[in-house]
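Residue numbers (this note's numbering): 71 to 226.
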């Protein structure tokens with residue numbers, strides 16, 4: 071049932087009609103929350119992202135981070151990348167900066183080919199960031215995982 075509710079919330083959230091409607095937003099967020107509380111990974115990721123990055127107060131942003139962490143621990147690559155960012159930068163007193171956790175989440179997301187995580191892993195090993203030593207070999211390995219950019223269809 072949770073995947074169905076999550077899909078319904080997504081459709082409602084992206085409906086072109088009623089754009090800017092507080093009622094539509096409130097109903098979609100309630101549906102996302104219900105599906106997330108049922109443990110749906112996609113709902114945890116989406117609802118967590120919305121709360122953490124667009125929440126109205128610190129408590130909402132912390133709760134969003136908690137949902138993101140649950141989705142990341144369930145294997146969601148987007149959430150793993152976001153948790154890497156959260157642990158790299160820290161957030162309030164709940165998510166203290168932790169280079170080890172940040173690197174672990176970036177690595178998990180990168181192993182699933184998340185493009186920003188792969189890019190960050192390259193930077194980590196080229197610059198020696200997050201407490202790692204500069205390692206051109208590892209940077210090269212991560213560079214090989216980068217997906218090529220799509221060819222631009224340029225008409226002349």
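Backbone N, C-alpha and C define an ideal beta-carbon position, used for all residues, glycine too.
Taking the alpha helix (DSSP H) that residue i belongs to, which residues open and close that run?
i: residue 132; result: 128-143
i: residue 99; result: 92-107
i: residue 214; result: 206-215
Going by DSSP, which residues form a beta bridge with residue i?
i: residue 123; result: Partner(s): none; residue 123 has no beta bridge.
i: residue 161; result: 165
Determine whether the beta carbon atoms of residue i and residue j lie at a separation below 9 Å.
i: residue 130; j: residue 121; result: yes
i: residue 179; j: residue 200; result: no
i: residue 159; j: residue 118; result: no
i: residue 71; j: residue 111; result: no
In this structure, how does DSSP classify residue i when only helix, strand and coil are distinguished?
i: residue 226; result: Low confidence applies to residue 226: its pLDDT is 44, below 50, so where it sits in the model is not reliable, and the reading given next is rough at best. Here residue 226 sits in coil by DSSP.
i: residue 198; result: coil
i: residue 76; result: helix
i: residue 111; result: helix
i: residue 218; result: coil
i: residue 191; result: helix
i: residue 182; result: coil
i: residue 177; result: helix
i: residue 153; result: helix
How would you label residue i, buried or exposed, when you count the other beta carbons within 10 angstroms and need 16 or more for buried?
i: residue 115; result: buried
i: residue 85; result: exposed
i: residue 226; result: Note that residue 226 scores 44 on pLDDT, short of 50, meaning its location in the model is unreliable and no value can be drawn from it.
i: residue 146; result: buried
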